[in-house]
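>
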Amino acid sequence: MTAYLGKRLLIGLATLLVASVVVFAILEILPGDPARLMLGMNATADAVEALRNEMGLNEGLLPRYLAWVGGMLSLDFGRSYTYSVPVIELIRERAIVSVPLALMSLALSTAIAIPVGVFAAARRGRPADTVAMAASQLGVAVPNFWFALLLVYVFAVWLRLVPAGGFPGWSAGAWPALKALILPSIALAVPQAAILARVTRSALLDVLGEDFIRTARAKGLPRGAVLWRHALRNAMLPVLTIMGLQFGFLLAGTIIIENVFSLPGLGRLIFQALNQRDLIVVEGIVMLLVATIVAVNLLVDLSYAIVDPRLRTAR
Amino acid sequence: MTTWKSVLAAAAIALASCTAASAARTDLVLGVPLEPPHLDPTAGAAAAIDEVLYANVFEGLTRIGSRGEVLPALAESWTVSDGGKTYTFKLHTGVKFHDGTDFDAEDVKFSLDRARADDSTNAQKGLFAAIDTVEVVDPATVKVTLKSPQGSFLYNMGWGDAVIVAPESAETNKEKPVGTGPFKFDKWAKGSSITLVKSADYWGEPAMLEKAEFRIIPDAAAAVPALLSGDVQALPNFQLGDALPQVQSDARFKVVVGATEGETVLSTNNKKPPFDQLKVRQAIAHALDRKAIIDGASAGLGVPIGSHFSPANSAYVDLTGTYPFDPEKSRALLKEAGFEDGIKATLKLPPVGYARDGGQIIASQLRDVGIDLEIIPVEWADWLKQVFTEKDYDLSIVSHTEPNDIDIYSRKDYYFNYDNPAFDKVIEELNLTSDDARRTELYHQAQKILADDAVNGFLFELPKIGIWDAKVEGLWENSPIQANDLTKVKWVD
Amino acid sequence: MNPPLSEPEVSAGFLSRALANRSFVIGFTITAIVAAMALVSFFWTPYDVTRLIVADRMQPPSFEHPLGTDHFGRDMLSMIMVGARNSIAVALVAVGIGMGIGVPLGCWAAARGGIVDEALMRFNDLVFAFPALLSAIMITAIFGPGAINAIIAIGIFNIPVFARVSRAGALSLWPREFILASRAAGKGKVLITVEHILPNIANLLLVQGTIQFALGILAEAGLSYVGLGAQPPMPSWGRMLFDAQTRMVVAPYLAIIPGMAIIVTVLGLNLIGDGISDTLDPKLRRRP
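Residue numbers (the working numbering), protein chains in the order written: chain H, 168 to 482; chain W, 982 to 1474; chain F, 12 to 299.
(1) Does W235(H) have its Cβ less than 8 Å from a Cβ in chain F?
(2) Hey, A1432(W) and S1288(W) are a contact pair by Cβ (cut 8 Å); roughly how many whole angstroms apart?
(3) Within its chain, find whatever has a CB closer than 8 Å to the CB of K1260(W); leave out the 5 residues flanking it on each side and keep chain order.
(4) Measure the C-alpha to C-alpha separation of T290(F) and F35(F) and round it to an integer number of angstroms.
(5) Quick one: grab the DSSP three-state call for G233(F).
(6) Note down, in chain order, all residues in the region 416 to 435 of chain H with a beta-carbon under 9 Å from any beta-carbon belonging to chain W.
(7) Buried or exposed, going by whether 16 or more other CB atoms sit within 10 Å of the CB of A1002(W)?
(8) Can you tell me whether R1048(W) is buried or exposed, with buried defined as 16 or more other CB within 10 angstroms of its CB?
(9) E1242(W) by DSSP, collapsed to three states: which one?
(10) List, from N- to C-terminal side, the alpha helix (DSSP H) runs of 4 residues or more that fit wholly inside the region 1065 to 1114 of chain W.
(11) Using only the heavy atoms of the ligand NAP, determine whether one of them is closer than 7 Å to the beta carbon of F154(F).
(12) Check whether chain H comes within 8 Å of L1225(W), counting only Cβ atoms and requiring the distance to be less than that.
(13) Does any residue of chain W have a CB that is nearer than 8 Å to the CB of Q70(F)?
(14) My parser needs the beta strand (DSSP E) runs of 3 or more residues fully inside the region 1284 to 1324 of chain W; what are they?
(15) For E1454(W), which three-state DSSP category applies?
(16) Report the residue from Q1341(W), V1033(W), T1074(W) whose alpha carbon sits nearest the alpha carbon of V1123(W).
(17) For N1401(W), which option in E1422(W), L1411(W), E1191(W), I1430(W) has the closest C-alpha, if you only look at C-alpha atoms?
(18) Measuring straight from C-alpha to C-alpha, what distance separates A383(H) and L412(H)?
(19) So with Cβ pairs under 8 Å, would you call D200(H) a contact of chain W?
(20) Identify, in the order they occur along the chain, each residue of the same chain with its Cβ nearer than 6 Å to the Cβ of E1116(W), setting aside the five sequence neighbours on each side.
(21) Roughly how many angstroms lie between the CA atoms of P1226(W) and L1052(W), to the nearest whole one?
(22) Rounded C-beta distance between P1022(W) and D1142(W)? I'm assuming under 8 Å.
(23) Given this structure, state the Cα-to-Cα distance separating D1113(W) from F1084(W), to the nearest angstrom.
(24) List, from N- to C-terminal side, the alpha helix (DSSP H) runs of 4 residues or more that fit wholly inside the region 1006 to 1040 of chain W.
(25) Please list, in chain order, the residues of the region 310 to 331 of chain H that have any C-beta partner in chain W closer than 9 Å.
(26) Taking the C-alpha atoms as reference points, what is the distance between V275(F) and G233(F)?
(27) Do the CB positions of L417(H) and A269(H) come within less than 8 Å of each other?
(28) Within the 8 Å Cβ cut-off, does A1014(W) reach chain F?
(29) In chain order, what residues of the same chain lie with their CB nearer than 6 Å to the CB of V1298(W), ignoring the 5 residues before and after it?
(30) Could one say the Cβ of P243(F) lies closer than 8 Å to chain W's Cβ atoms, at least one of them?
(31) Taking only the alpha-carbon atoms, compute the straight-line gap between T1060(W) and L63(F) and give it to the nearest angstrom.
(32) Assuming S1481(W) and I1145(W) are in contact, meaning their beta carbons sit under 8 Å apart, how far apart are those beta carbons, in whole angstroms?
(33) By the criterion of Cβ-Cβ separation under 8 Å, what are the contact partners of I1145(W) in chain F?
(34) For the beta strand (DSSP E) that contains K1372(W), what are its first and last residues?
(35) Count the other CB atoms, across all protein chains shown, that sit within 10 Å of the CB of L306(F); report buried if there are 16 or more and exposed otherwise.
(36) Report back the beta-carbon spacing between E450(H) and V266(H) to the nearest angstrom; my notes put them in contact at under 8 Å.
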């Protein structure tokens, strides 16, 4: 077990290291000079050069890479070229929008998907199942940003129930801030819920076919109890795996949704930074997202190892 | 019973809102489309920096007024001597920076010397190029000596890039700007808003607002609902596009269409064949239907221009008739120039609405006369590198928003690659002239030369579309420089 | 799944069984209509989408323009038809890239095992650690926006998907009797892969192909929506949504129509995928 997890951990770390090389190398190819961009069309050549020196852009590639990776180990992601504040500070300011948004969407999609999936599995092949699965089929096909546009139109422009975009900040109080996140999280959650509902349904159907369920039924346990207490618990593993994967996806999915709702989250920051060639910010965010996904995958591996003892010795 | 209750409740609410209304509001939330990258106007070209800080937090020796006029600011008065080479500024006394340090002549010398130093990162270093020396005569007097007379010197000193900063705080202005203006910086929630508050010990006439918040709203889709719901009370300069009619029909708001200093042009590489031929450039000019371009790229707002000059300027002449829209004539000119089989070229477009939308319309119009354009969208960084710096382009579209910038056509190595000694001579004389009548005459000549040479496709003056609560007064109608001057803004009932 | 002793018969009667499947038939019909629309657009569209008639802008649906006109006065029906071309081309080529590189990699890893297999799995880990959308945005930001770069960005993420599917499929086949028999007969691993493995995982790949095709269409729409996909004047559904966004209040149909086009196309493909997997194994409807 320890050896297995040790190996997974090592692989995770190696992935991060290779990812850092890839990210750094790719972004260094990016054309465009952040110094020139900052000073604009009328700037003189020596003013641009002076700023390049100030930003540390005139140093060699390797020293810059080493300094960057070294810094990240102590959570120092460097200083933003344009904002000239520590990158980690920028990320923190934006993460307090993106992370709650991703978590809200995950909660919402779970809250929709599990009941629908269980409901459909319990009524397999009947009209209710067909309707639920047709709806989920549709949900999978809807682009979340288009759904977001419709939500804005109906709930913000027509009914004026919630703001159409923007974020008042947590300092404005929890409710106004959460209100600004309602539509974005619905837009993100619904297509994800459609996928999760299908996974839940098929995982349940698999379990329902197994012997211990038949035994439970034969013992005369009520249908509902069998379904919720026995079957669902055993079907949770694939569902949890998908949820784990979805968290990474949701964090990334916020990129487009944040643009629809002009939320000041990580997604907007990454777009802004790409346009301003504030590469060190882009590099920091990408590495953080990659690290999150690697960590979530590790947790999924860990949960598998705990549930399925065969894995502990198999590898 | 229930009816009574609701009547009472309604009365209570009415009463409450009456008392609230009796004292005029003193806070204002302004929506701006772009967030400044940092808050130091002396170290960046981004208009967004000046649009928050100019005249509000930072002041220069002079300042530009709402109609583009030069007004005294930190300099109470000045005298010009030595044939226009020496400017002696008399400074206001008793002025303090927001951190409590005193303002005096040393700060002026520090600021001007810093801006023109070798390691300066000032985006408009050219503004200070004429300065030879800056001397402190006494704490309230500064003498600036120029290398040669410069007609626009006082104007230049009114730019946001020429504001006066203190040596104690210059390094930290990017994060925490410290100026001498009627507002002081309060806080910056990155990605969402910047807040200014009234400065209690301002040296001049105090501001009427207690608090002003600039909220960053990147697009029209979010700005309109924010305005309608009252979250934001002013969009001082916002391209709402096709969403504008919805706001226009609402009596709660004032919609003011003013002028900017943004000449929107179809930038043309004048050295790159076939655009080095006058006939080809004239053919392009005849093929452009400005009305359709303004309708499609600027929601029908914006004044057509025939040269590189703002219609809001008193020295403007209307030259839109130089090469009127005439596809037949355009085809004939191309034929004369030897291109009856058409021309293939590229059109590089920066990421702004007027360019991306206008570009498609222009490509369609030019295709009608036989010029086939491949549209290449580029980000600002690539635009600055490829088009502006390396001049690797055929055609592009951009709005030149620097005020009064007709002299860029005389700059050697400017990206238009335009070279006309006759034009250079006019600009040269303009630089040395301070007589207004003669300056106007020279401006006329300059505009005419550019129009005749069809240097660029001159399209339209970018409009300043200001929308604000009908009860707000004092915001600028036009935008002679990039600023949101809040010093005279107030709520009225 | 109990491995049959003899080599399973490949796709005999498969088509007739598929045609009896409701999902497949509906999906196939939808997809055929979309594809036909795209094909017709090469020869004929109601209006020329390269001609901008600004005076006719934003007209609601009418007899002349069944789906209205956009903000440049272009006919929306023609735009949707030409846009279909772009969506299909991008997604199809991206699937091609994924299959073309991923399947050989997966088969190779399954055949060789050991270090090759390990390396492939680690490569998969690496690619999967990057959120696909984020990386696509980075790639298009670096190499410039455009349909070609969108294809590459989406294609790269299809590689590990197909590698994984084909590896898993191949691994389950190698220990089977008919393969062992061929090996005993002295056939090389490459030949066996081509002759026996590939035909037997073809259906699996087909299902995965339709899924990735549908995902590709969604991804292309997303990229175009943020301005990194197909560039104007090339019509694209995602781009049309972007243009519609600020005009939602004045002309909601500008946003609704391209959105419907995306949904219907993706739905059609997913139904085909469902239909095929049902046909292959009617007992198991496990695909999410």
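Don't be surprised by glycine CBs; every beta carbon is placed ideally from N, CA and C. For clarity, every value in this text was computed on a predicted model and none was experimentally measured.
On the basis of the supplied data:
(1) no
(2) 4 Å
(3) L1314, L1315, E1317, A1318
(4) 9 Å
(5) helix
(6) N426, V427, F428, S429, L430, P431, G432, R435
(7) Residue confidence is low: A1002(W) scores 45 on pLDDT, short of 50, so the model does not pin down where it sits. Its coordinate-derived value is still stated next. Per the 10 Å Cβ criterion, exposed.
(8) exposed
(9) strand
(10) 1086 to 1097
(11) The model on display carries no ligand, and the ligand NAP is accordingly not part of it.
(12) no
(13) no
(14) none
(15) strand
(16) T1074(W)
(17) I1430(W)
(18) 32 Å
(19) yes
(20) K1124
(21) 36 Å
(22) 6 Å
(23) 23 Å
(24) 1028 to 1034
(25) L316, V319, A323, V324, R327, P330, A331
(26) 16 Å
(27) yes
(28) Note on residue identity: the sequence assigns Pro, not Ala, to residue 1014(W). Not closer than 8 Å to any Cβ of chain F, the Cβ of P1014(W) fails to qualify, so no.
(29) H1425, Q1428
(30) yes
(31) 57 Å
(32) Residue coverage of chain W in this structure runs from 982 to 1474, which leaves residue 1481(W) outside it and unanswerable.
(33) Correct list: empty, because the minimum Cβ distance to chain F is about 39 Å.
(34) Careful: K1372(W) lies outside any beta strand (DSSP E) and carries neither H nor E.
(35) Here chain F covers residues 12 to 299 and nothing more, so residue 306(F) does not appear.
(36) Between V266(H) and E450(H) the Cβ distance is about 19 Å, and since that is not below 8 Å, they are no contact.
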